[in-house]
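Engineer: Residue numbers (mature numbering (1 follows the signal peptide of the UniProt record, and there is no 0)): -24 to -1, 1 to 215. Sending over a structure as structure tokens; questions will come in a sec.
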């Protein structure tokens, strides 16, 4: 009896949904995105050096802000009542942000400071849902999975004791691919300028781990940026 009731309920739900779901006609959208982001990165860690105790790298500055630029290309896939589902590719450039801290040599003396920059180039297979609130506005939900090209560069050390301690020159920049994911929401103003629509978007990015390259044979392990993430606000023009 319970089994028959469950089948009846399922049939009612399916009969309600089927008329409202349809394959959309091929509709192509191009997105141009511009805004700002705040990133969190940097990792305190011990760097082992052959025949020595090694150096402790601390982090004084974890966060940084800069500009974001993105491009997207989407095809409309499904329509479910007032909701359109789009599938496509979305790529971003997150401009460099700085990490800085101190080097405690042999775990005893903080005689050096250091800094480096990290840039991010995430590329996603993405989907977005445009939920029609009325003819003029849409609520947008975004999801994406992909890869981030994390690039470190500009590694420098500076003496903190008037030049008595010289920089070690043990690291340089490196480019590394890492898993990345993004999620966000936005508000679209439809056909604000003829065929152009304008969006205000929030996006969270998980950007994965970056590394620096060892350039001294005595250094045993590389310096890591730690797992990085960013929060972004930007405008999107949809064509």
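Note that CB positions come from ideal geometry on N, CA and C, so glycine has one too.
Within 10 angstroms of its Cβ, does residue 214 collect 16 or more other Cβ (buried), or is it exposed?
Structural biologist: buried
Engineer: Would you identify the three-state DSSP class for residue 142, choosing helix, strand or coil?
Structural biologist: coil
Engineer: Helix or strand or just coil, what does DSSP make of residue 175?
Structural biologist: Residue 175: strand per DSSP, three-state reduction.
Engineer: According to DSSP, is residue 19 helix, strand or coil?
Structural biologist: coil
Engineer: On the premise that residue 19 lies in contact with residue 200, defined as a C-beta separation below 8 Å, what is that separation, rounded to the nearest angstrom?
Structural biologist: 5 Å
Engineer: Among the candidates 212, 204, 32 and 107, whose CA atom is the shortest distance from the CA of residue 16?
Structural biologist: 204
Engineer: Pair every Cβ in the segment 57 to 64 with every Cβ in the segment 158 to 177, then say whether three or more of these pairs are closer than 8 Å.
Structural biologist: no
Engineer: Taking Cβ positions, are residue 55 and residue 116 nearer each other than 8 Å?
Structural biologist: no
Engineer: Does the contact criterion of 3 or more C-beta pairs under 8 Å hold for the segment 176 to 188 versus the segment 23 to 31?
Structural biologist: Using a C-beta cut-off of 8 Å, the segment 176 to 188 makes no contact with the segment 23 to 31, since fewer than three inter-stretch Cβ pairs fall below that distance.
Engineer: Alpha carbon to alpha carbon, what distance is there between residue 152 and residue 39?
Structural biologist: Going by the C-alpha atoms only, they are around 20 Å apart.
Engineer: Along the beta strand (DSSP E) that carries residue 47, what are the first and last residues, could you check?
Structural biologist: 39 to 56
Engineer: Is the segment 133 to 146 touching the segment 94 to 105, taking contact as three or more C-beta pairs under 8 Å?
Structural biologist: no
Engineer: If distances are taken between C-alpha atoms only, which option among 106, 104, 6 and 41 comes closest to residue 48?
Structural biologist: 6
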